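Quick notes on the structure that follows.
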Amino acid sequence: MRLTRLCKLMLAVLTLAAGLAVALGETSFSLAQYAEAVMRPMSPPGEVLWMIRAPRVAVAVLVGMALGMAGATMQGLLRNPLADPGVLGVSAVSGLGAAFAISAGLAVLPGAIELSALAGALIAGAIVVGVAARFREPEALILFGVALSAFGGALTALVFNLSRSPVATAEMLAWLMGSVENRDAMDALRALVPMALGAALCLRAGAGLRMLTLGEEAARMSGLPMARLRVYAVAGSALLTGAAVAASGVIGFVGLAAPHLVRSLVKDDPRRILWPSALAGALLVVLADLAARMIPTEQELKLGVVTALFGAPAFALLAWRASRSWRS
Amino acid sequence: MSALWTLVDLSARQGRKTVVEDATFSVKPGELVGVIGPNGAGKTSLLRAGLGLLPLLRGEARLSGQAVTSLASTARARLVGYLPQERRVAWNVPARMVAALGATDLPEAEADAVAVERLARVGAGDLVDRGVLDMSGGERAKVLLARLLATRAPLLVADEPVAGLDPDAQLLTLDLLRGEVARGAGVVVTLHDLGLAARCCDRIVVVSKGRAVADAPPREALSRGVLADVFSLDGELIETAAGPVLAARRVS
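Next comes the structure, spelled out in structure tokens:
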């Protein structure tokens with residue numbers, strides 16, 4: 001399928017899902033109330049739809065797009081179908097950055113949590129790529145990612161442990177479980193800048209990602225400026241992950257699953273997969289957030305919990321399929 | 329005729345180990361040069377050092393007269409196409425996309441046209457849209473060879489292009505590379521089959537312990553002395569109607 005046609009189709013499905021996510025929620029409306037919300041945006045139903053649900057869905061779309069594109073970029077860069085910001089520890093270290101900023105009382109400074117999460121993601125991204133250059137085996141990289149993720153988790157637990165403020169602790173916990181609840185238009189706008197930059201870098205790296213299909217040596221001899229493209233890919237995916245973590249906390253498995261949903265539609269091309277992965281990621285997060293709101297529980301489910309519940313079995317399935325190809 | 333590739337007293341290291349020592353040889357247009365040597369002798373390291381993929385300790389490597397260390401990656405890619413030993417393809421992309429990766433200097437549509445033509449040339453014209461991971465090892469090797477040919481570079485360097493291929497596919501690969509030589513390219517291949525090297529190459533460079541210990545036409549390069557000293561073989565090349573073949577046994 002042609003890329004533009006595929007993206008248009010996915011965009012239509014995403015628009016439909018986003019519309020559904022704005023329309024549906026804990027409070028149900030009659031047709032007359034929907035009409036009122038459309039005609040008079042400042043009416044009570046209008047406020048629920050446009051001031052509460054729409055920014056939440058917008059943040060879900062942005063976070064999903066960022067995680068989907070970051071996952072596709074990491075998979076292309078590391079030539080590994082199991083790579084994603086969560087599996088490789090980038091999300092965990094980014095979450096650590098956010099938790100540290102909250103614990104240190106920096107939340108009052110605008111952008112401090114976001115910057116701290118971004119810094120964590122960039123550091124983890126650089127470490128992962130350094131390790132990937134040294135250990136080519138996919139199993140070794142995944143194990144290192146597990147270790148980095150565990151270490152990031154341990155340091156985050158330490159931050160919790162040493163936190164003196166129960167409010168900060170509750171805020172950190174909410175962050176780490178991942179949610180787009182109570183987000184406003186400013187949250188979406190704040191996320192947009194680093195995400196746009198990250199996406200631009202990942203798209204610039206596309207030719208390099210495609211060339212890496214044949215391995216490091218072939219890529220180095222290809223005539224493409226691989227060192228620069230690699231930096232674009234790492235910085236881009238880290239920016240996307242950091243911005244997503246800053247906007248919504250840690251939401252796992254979206255970066256892993258989104259590229260696999262569209263892989264066959266772009267014939268596995270690591271360059272053409274970037275946009276469709278972003279759109280698939282957005283669709284996953286919007287639907288997961290809708291599920292989090294619609295599943296009747298005493299307390300609303302956290303988005304990160306929903307994605308992990310569905311994502312972990314999907315990861316196991318992918319690992320099983322990938323391990324067969326490593327043996328062959 | 330000026331050389332496409334010149335190595336002069338080249339020494340290089342990998343990590344802390346010196347893997348190439350004082351290697352000297354050159355490749356001219358219209359020449360097929362075989363690089364042979366036992367496992368671990370340093371054949372791949374020699375190619376990699378000469379292409380600027382390993383840090384050099386001493387000496388120099390030149391591509392069409394220009395020091396390889398001073399060449400930008402785009403300029404280097406115009407002068408040499410390289411088929412590395414690693415054959416793992418990460419994704420199940422179609423053959424035409426793999427072959428088109430040899431022509432990144434062209435717009436996408438032109439690169440695709442070159443790719444399809446080269447795939448037809450290597451006998452993989454019916455595989456253009458098939459995923460490379462759905463192919464046999466031999467079919468995948470053809471696609472990777474098409475990628476090398478798609479570079480259209482004056483010098484083609486192939487590291488073990490016939491490894492793991494059946495005899496027919498080995499001969500086809502070397503015939504295709506000879507075709508490039510006939511078009512005026514210089515071609516360098518590393519090979520393990522000494523008989524095949526003797527039959528197909530114009531010149532042979534023998535590598536032992538990181539050194540180029542012989543550089544001569546096949547009969548000279550594969551003398552009894554070299555076979556014994558470098559390969560621990562007691563044998564010789566015997567002329568047949570199909571070209572020279574190696575008759576040898578291990579030195580006990």
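Quick note, the sequences are listed as chains A and B, same order. If you're matching positions, the first sequence starts at 1 in the working numbering and goes up one per residue. If you're matching positions, the second sequence starts at 329 in the working numbering and goes up one per residue. Every residue gets a Cβ at the ideal spot worked out from N, C-alpha and C, and that includes glycine. Since this is a predicted model, take the numbers as computed values, not measurements.
Of all Cβ atoms in chain B, is any one closer than 9 Å to the Cβ of residue i?
i, result
"residue 156 of chain A", "no"
"residue 74 of chain A", "no"
"residue 69 of chain A", "no"
"residue 222 of chain A", "yes"
"residue 5 of chain A", "no"
"residue 215 of chain A", "yes"
"residue 204 of chain A", "no"
"residue 265 of chain A", "no"
"residue 79 of chain A", "yes"
"residue 110 of chain A", "no"
"residue 226 of chain A", "yes"
"residue 164 of chain A", "no"
Since residue i sits in a beta bridge, which residues does DSSP pair it with?
i, result
"residue 389 of chain B", "B/335"
"residue 410 of chain B", "B/485"
"residue 395 of chain B", "B/390"
"residue 565 of chain B", "B/574"
"residue 354 of chain B", "B/334"
"residue 345 of chain B", "B/342"
"residue 543 of chain B", "B/533"
"residue 504 of chain B", "Partner(s): none; residue 504 of chain B has no beta bridge."
"residue 384 of chain B", "B/340"
Would you say residue i and residue j are within 9 Å of each other, going by their C-beta atoms?
i, j, result
"residue 209 of chain A", "residue 270 of chain A", "yes"
"residue 483 of chain B", "residue 355 of chain B", "yes"
"residue 519 of chain B", "residue 525 of chain B", "yes"
"residue 244 of chain A", "residue 66 of chain A", "yes"
"residue 46 of chain A", "residue 36 of chain A", "yes"
"residue 21 of chain A", "residue 289 of chain A", "yes"
"residue 430 of chain B", "residue 417 of chain B", "no"
"residue 249 of chain A", "residue 176 of chain A", "yes"
"residue 56 of chain A", "residue 180 of chain A", "yes"
"residue 142 of chain A", "residue 87 of chain A", "yes"
"residue 493 of chain B", "residue 465 of chain B", "yes"
"residue 238 of chain A", "residue 96 of chain A", "no"
"residue 379 of chain B", "residue 396 of chain B", "yes"
"residue 311 of chain A", "residue 227 of chain A", "no"
"residue 285 of chain B", "residue 507 of chain B", "Here chain B has residues from 329 to 580 only, and residue 285 of chain B is not among them."
"residue 303 of chain A", "residue 314 of chain A", "no"
Kindly list the residues whose CB is nearer than 8 Å to the CB of residue i, restricted to its own chain and excluding five residues on each side of it in sequence; keep chain order.
i, result
"residue 554 of chain B", "534, 541 and 542"
"residue 403 of chain B", "394"
"residue 481 of chain B", "405, 406, 407, 408, 409 and 513"
"residue 422 of chain B", "456, 457, 458, 459 and 460"
Does any residue of chain A bring its CB to less than 9 Å from the CB of residue i?
i, result
"residue 472 of chain B", "yes"
"residue 416 of chain B", "yes"
"residue 333 of chain B", "no"
"residue 565 of chain B", "no"
"residue 401 of chain B", "yes"
"residue 381 of chain B", "yes"
"residue 406 of chain B", "yes"
"residue 468 of chain B", "no"
"residue 378 of chain B", "no"
"residue 426 of chain B", "yes"
"residue 391 of chain B", "no"
"residue 433 of chain B", "yes"
For residue i, I'd like the list of residues in its chain whose CB is within less than 7 Å of its CB, leaving aside the five on either flank, ordered along the chain.
i, result
"residue 560 of chain B", "578 and 579"
"residue 169 of chain A", "160 and 163"
"residue 529 of chain B", "360, 361, 362 and 546"
"residue 206 of chain A", "271 and 274"
"residue 566 of chain B", "572, 573 and 575"
"residue 91 of chain A", "85, 241, 245, 250 and 252"
"residue 123 of chain A", "93"
"residue 351 of chain A", "The question about residue 351 of chain A has no answer here: the residues shown for chain A are numbered 1 through 328."
Near residue i, what residues of its chain come up, given a Cβ to Cβ distance below 6 Å and the 5 sequence neighbours on each side ignored?
i, result
"residue 102 of chain A", "168, 171 and 172"
"residue 50 of chain A", "41"
"residue 33 of chain A", "45"
"residue 201 of chain A", "232, 235 and 236"
"residue 328 of chain A", "Because the pLDDT of residue 328 of chain A is 47, which lies under 50, any placement of that residue in the model is unreliable, and the question is left without a value."
message: With a threshold of 8 Å, are at least 3 pairs of Cβ atoms found where one atom belongs to the region 364 to 379 of chain B and the other to the region 439 to 454 of chain B?
response: No, they do not touch.
message: Under 8 Å, with one C-beta from each stretch per pair, do the region 141 to 155 of chain A and the region 207 to 227 of chain A reach the 3-pair mark?
response: Judged by Cβ distances under 8 Å, the region 141 to 155 of chain A makes no contact with the region 207 to 227 of chain A, as fewer than three pairs qualify.
task: Evaluate the contact criterion for the region 52 to 64 of chain A versus the region 210 to 217 of chain A: three or more CB pairs, one atom per stretch, below 8 Å.
output: Judged by Cβ distances under 8 Å, the region 52 to 64 of chain A makes no contact with the region 210 to 217 of chain A, as fewer than three pairs qualify.
query: How about the region 247 to 262 of chain A and the region 279 to 289 of chain A: do they share at least three Cβ pairs that are nearer than 8 Å?
result: Yes, they touch.
query: On the three-pair Cβ rule with 8 Å, is the region 562 to 571 of chain B touching the region 385 to 392 of chain B?
result: Counting C-beta pairs with one atom in each stretch, the region 562 to 571 of chain B and the region 385 to 392 of chain B have fewer than three that are closer than 8 Å, which means they do not touch.
message: Under 8 Å, with one C-beta from each stretch per pair, do the region 235 to 242 of chain A and the region 298 to 314 of chain A reach the 3-pair mark?
response: Judged by Cβ distances under 8 Å, the region 235 to 242 of chain A makes no contact with the region 298 to 314 of chain A, as fewer than three pairs qualify.
- prompt: For the 8 Å Cβ check, are there 3 or more pairs between the region 185 to 192 of chain A and the region 75 to 83 of chain A?
  reply: Contact fails between the region 185 to 192 of chain A and the region 75 to 83 of chain A, because fewer than three Cβ pairs, one in each stretch, are under 8 Å apart.
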